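A.B. asks: I am attaching a structure below and will ask some questions about it afterwards.
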Amino acid sequence: MKRLVSCPQDCPDACRLLVTVEEGRVVAVTGDPDHPVTRGFACAKTTRYPERLYAADRPLYPMRRVGKKGEGRFERVSWEEALDAIAARLREILDAYGGEAVLRYNYAGTMGLIQGRRPLVFFRAIGASELDETICSATGEAAWAAIYGAEKLGVDPEDVPKARTIVLWGANVVSTNSHLVPFLKEARRRGARIYAVDVYENRTARFADRFFRVRPGSDGVLAMAIAGELFRRGAADLDYLSRYVEGWERFREAALGYSLEDGARASGLSLSELEAFVEGLIGGAPQLFRVGYGMTRHASGGAAMMAVLALPVVLGAWRREGGGALLSTSGGFRLHKARLEGLHFWKNARPKGYFRPNPYARHVNQIQLGRALTALDDPPVKALFVFNANPAATVPNAGLVREGLLREDLFTVVLENAMSDTARYADYLLPATHPLEHADLYTSYGHYWLSWSEPAARPPGEARPNTWVFAELARRLGLSLPELEEPPEKTARELLDTAHPYLVGLSFEQLMEKGSVKLSLPRPFLPYARGRPDGGKLKLPVPPVRPGTPEPGFPYRLLTPPAHHFLNTSFGMIKSLRAAEGGEPLVWVHPEDAGREGLLDGGYAELESPRGRIVRRVRVTEAVQPGVLVLEGTWRAADAPDGKSANELTPDDESDLGGGSAFNETWVRIRPLE
Ligand SMILES: Nc1nc2c(c(=O)[nH]1)N[C@H]1C(S)=C(S)[C@@H](COP(=O)(O)OP(=O)(O)OC[C@H]3O[C@@H](n4cnc5c(=O)[nH]c(N)nc54)[C@H](O)[C@@H]3O)O[C@H]1N2
Ligand SMILES: Nc1nc2c(c(=O)[nH]1)N[C@H]1C(S)=C(S)[C@@H](COP(=O)(O)OP(=O)(O)OC[C@H]3O[C@@H](n4cnc5c(=O)[nH]c(N)nc54)[C@H](O)[C@@H]3O)O[C@H]1N2
Ligand SMILES: [Mo]
């Protein structure tokens, strides 16, 4: 039997997948041939879903810890036993410490709105600490908002073939947004030139017509220098700027303060390379800037992103189809979310029993989970619920996270459909359904198609959806939370109940029948051709750009960008994908640096930052620039030679904007392992 479902992964492509199901089990996966963005191909990761779904170590039954914290030794218990015990412990904690002693840690393990977002209702009902979900896009979002306003309406990828110059700026799209590639190839066939701006030679650099290799953290100065040059050469669209943009004159003054030489010096590009770049932009309208989040994961990543996002404004690129910027398309999905996550409790809700919504609950920035678990007081975090995430491996300053997870007095509940690093630290490990086994509604951040996905396969063992678990816990606390118990179709109907023109007239029946429906965008889709979509002007604040500065004694910058065959840690259990990534995590070192440090290709090295140490096998390659080390992929800690995540090294300080992460602001030293 064949079924069409949505891919739930945290990836811009949000594919429609054609799965073959035999006796309730998924046996094969390809892409929906009829979907205009998926175009019949599934990526290297999702074609392996059968291996992921039926991995030998997938948690299938509720389990209670029997070994020491973090040892990963469990005994099977019934759902009744597990839920009763968790609820009893929760009651004790709520009575003794109040709601804020409870913390959720969740992210986008599934992008489904129901299994991803609905569980928040439970936490808001009991007044738990709030988690600020900043780890990925917060800095980029804040940079976007500063110029374009809160809605992220990137260029429609289906319009990409109309662009004539395409700059893939800090976006390794061949690996992380592979369904954009057919549109890029189509643009190229029609005469477009494709540039890549990145810090190392990744697959996208090799795919591009021209690769500009820049120093990490230099994008802000580089983009300001380019903007300055556009003004100097009379290539700025002054008509567009004066009609639709606030603050552009001050921005121009600031940009004129940067010479092309400044841009070259900061980025490491030669002056002639930079001139060619600028000339390409000027001669190649419409210009499209596909920007990635990697450059925002720096100390001054927000300012860098603002500077880059200013370029299509200066060029007036938004006036033509295919022109502008594409960071995310998520702002198009104006669903009726008022009740989805329990925010409605914050209005006029009357506390009763354990129902104690608290709009003033303390906030925990998720990138500082380690600090929250080890340093928060009044109240301390006493119960941690982890779902849709693997923070033991993916959160910066992992050593501190581990210290927190090892706390004897911390009660940790993990909902998982895979044996993640975090699952090993659980006091109760609860088996979750995989999104191919439950219904959900999906938006996208890389295109404008909304989709509905029915369960395709039977959940193995006793796996249950996240919402079911929280409904059962709510019941045991005497809370009435119908939001958690309603059928997914009902939630979906409510989400679709909006008067926004992009969604108006779309019924749940239509969505269910078609599976995937494109938003009714105005045509041509030129969201910022006349300023902001709400009628206001765009803004061009002067970005406070500055490159990062090394930490004394730690001369190399370590970058940890996504790997082609992984999706964060979500596919780490699949041996063939690990093999495709080199079998174990590799640190890429430039030959000059390898020579200086005495590192041999294939040998092991110790990397040390002010926060911790890890051991990795070395790969000597000219794909990286001198002074920069690259470790592709967030591997499961369990698959590293020392059992440690690369995040042992990364800082948990916030970037300059939006409270976001700064994974790439990691400074290390490296030496051969004796
Ligand atoms: N295959 C695969 N796909 C994925 C993921 C994955 O892990 N694997 N992760 C998914 C997720 S969660 C996300 S958020 C997105 C990630 O999407 P993006 O953040 O857009 O990540 P990438 O496309 O890898 O782009 C990051 C690039 O930025 C570069 N970079 C780092 N620092 C700098 C800098 O200072 N300047 C410049 N110019 N470039 C810099 C890195 O070298 C890398 O090539 O991808 C999603 N898709
Ligand atoms: N050093 C470094 N660290 C990084 C990054 C980096 O570039 N460098 N990137 C960061 C980024 S962009 C992101 S988005 C984060 C991602 O970090 P995480 O959010 O931790 O993502 P994953 O590691 O993919 O973990 C998702 C987990 O959700 C589980 N899951 C999937 N579906 C369901 C479900 O329906 N129910 C339940 N209960 N569980 C489910 C999966 O099995 C998986 O273990 O990592 C960040 N960490
Ligand atoms: Mo992400």
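Quick note on my numbering: the sequence shown kicks off at 260 and runs consecutively.
Note that beta-carbon positions come from the ideal geometry of N, C-alpha and C, so glycine has one too.
On a predicted model such as this, the values are computed, not experimentally measured, just so you know.
Compute the distance between the beta-carbons of Val927 and Val877, then report whether it is under 8 Å.
C.D. replies: Cβ distance not < 8 Å, so Val927 and Val877 don't count as in contact.
A.B. asks: How is the beta strand (DSSP E) around Met678 delimited, first residue to last?
C.D. replies: Membership of Met678 in any beta strand (DSSP E) is not indicated, and neither H nor E is assigned to it by DSSP.
A.B. asks: Examine the Cβ distances between the region 433-440 and the region 593-613 and report whether three or more of them are shorter than 8 Å.
C.D. replies: no
A.B. asks: Under the three-state reduction of DSSP, which class applies to His622: helix, strand or coil?
C.D. replies: strand
A.B. asks: Return the residue from the list Asp415, Lys903 and Glu745 that minimises the CA-CA distance to Leu866.
C.D. replies: Lys903
A.B. asks: Return no unless some Cβ of chain B is closer than 8 Å to the Cβ of Asp415.
C.D. replies: Of the protein chains in this structure there is only one, and it is not chain B.
A.B. asks: Take the Cβ of Ser766 as the centre, count every other Cβ of all protein chains shown within 10 Å, and call the residue buried at 16 or more, exposed below.
C.D. replies: exposed
A.B. asks: Say the cut is 7 Å; is the CB of Pro639 nearer than that to a heavy atom of ligand 2?
C.D. replies: no
A.B. asks: Would a C-beta distance cut-off of 8 Å place Leu528 and Glu488 closer than the cut-off?
C.D. replies: no
A.B. asks: Mind checking whether Leu312 and Asp291 have CB atoms under 8 Å apart?
C.D. replies: For Leu312 and Asp291, no; Cβs fall outside 8 Å.
A.B. asks: Residue ranges of each alpha helix (DSSP H) run of no fewer than 4 residues wholly in the region 755-814, ordered along the chain?
C.D. replies: 767-773
A.B. asks: Kindly indicate which residue of Met832, Pro820, Leu888 and Gly794 has the alpha-carbon position closest to the one of Glu856.
C.D. replies: Leu888
A.B. asks: Look at the Cβ atom of Val296, then the Cβ atom of Pro416, and state whether they are nearer than 8 Å.
C.D. replies: yes
A.B. asks: Is Tyr308 close to ligand 2? I mean its beta-carbon at under 7 Å from any heavy atom of the ligand.
C.D. replies: no
A.B. asks: The beta strand (DSSP E) spanning Ile873 covers which residue range?
C.D. replies: Gly871 to Val879
A.B. asks: Across the region 784-797 and the region 498-510, are there enough close Cβ pairs to call them in contact, namely three or more that are closer than 8 Å?
C.D. replies: yes
A.B. asks: If you follow the beta strand (DSSP E) that Asp457 is part of, which residue opens it and which one closes it?
C.D. replies: Arg452 to Asp457
A.B. asks: Within 10 angstroms of its Cβ, does Met554 collect 16 or more other Cβ (buried), or is it exposed?
C.D. replies: buried
A.B. asks: What residue range is occupied by the uninterrupted beta strand (DSSP E) comprising Arg888?
C.D. replies: Sequence check: residue 888 is Leu here, not Arg. Val887 to Leu890 is the extent of the beta strand (DSSP E) around Leu888.
A.B. asks: How would you label Thr750, buried or exposed, when you count the other beta carbons within 10 angstroms and need 16 or more for buried?
C.D. replies: buried
A.B. asks: How is the beta strand (DSSP E) around Asn365 delimited, first residue to last?
C.D. replies: Val361 to Asn365
A.B. asks: I'd like the span of the alpha helix (DSSP H) that includes Trp428, first residue to last.
C.D. replies: That residue, Trp428, is in no alpha helix (DSSP H); its beta strand (DSSP E) goes Thr424 to Trp428.
A.B. asks: Please report the Cβ distance between Leu908 and Arg870, rounded to the nearest whole angstrom; I am assuming they are in contact, meaning their Cβ atoms lie under 8 Å.
C.D. replies: 6 Å
A.B. asks: What residue ranges within the region 699-756 form continuous alpha helix (DSSP H) runs of no fewer than 4 residues, ordered along the chain?
C.D. replies: 725-735, 741-744 and 747-755
A.B. asks: Three or more C-beta pairs under 8 Å: does that hold for the region 701-717 against the region 760-775?
C.D. replies: Taking a cut-off of 8 Å on C-beta distances, the region 701-717 touches the region 760-775, as three or more cross pairs fall below it.
A.B. asks: Please report the straight-line C-alpha distance between Tyr687 and Glu339, rounded to a whole angstrom.
C.D. replies: 12 Å
A.B. asks: Flag this pair as yes or no: are the beta carbons of Gly560 and Ser914 separated by less than 8 Å?
C.D. replies: yes
A.B. asks: From Tyr863, Glu359, Ala685 and Pro571, pick the residue whose C-alpha is nearest to that of Pro638; which is it?
C.D. replies: Pro638 has its Cα closest to that of Glu359, out of Tyr863, Glu359, Ala685 and Pro571.
A.B. asks: In the DSSP output, what is Tyr863 paired with across the bridge?
C.D. replies: Beta-bridge pairing links Tyr863 to Arg876.
A.B. asks: Span of the alpha helix (DSSP H) holding Thr925?
C.D. replies: Taken as a continuous stretch (DSSP letters only), Thr925 belongs to no alpha helix (DSSP H), being part of the beta strand (DSSP E) at Thr925 to Pro931.
A.B. asks: What residue range does the alpha helix (DSSP H) around Thr633 cover?
C.D. replies: Start and end: Leu628 to Ala634.
A.B. asks: According to DSSP, what are the bridge partners of Pro690?
C.D. replies: Glu675
A.B. asks: For Arg967, count neighbouring C-beta atoms within 10 Å of its own C-beta (all shown protein chains included) and say buried if the count is 16 or more, exposed if not.
C.D. replies: Only positions 260 to 933 of the chain appear in the structure, and residue 967 is not among them; the question remains open.
A.B. asks: Please classify Leu533: does DSSP put it in a helix, a strand, or coil?
C.D. replies: helix
A.B. asks: Is the number of C-beta pairs between the region 398-414 and the region 798-817 that are closer than 8 Å three or more?
C.D. replies: Yes, they touch.
A.B. asks: DSSP on Gly561, reduced to helix/strand/coil?
C.D. replies: helix
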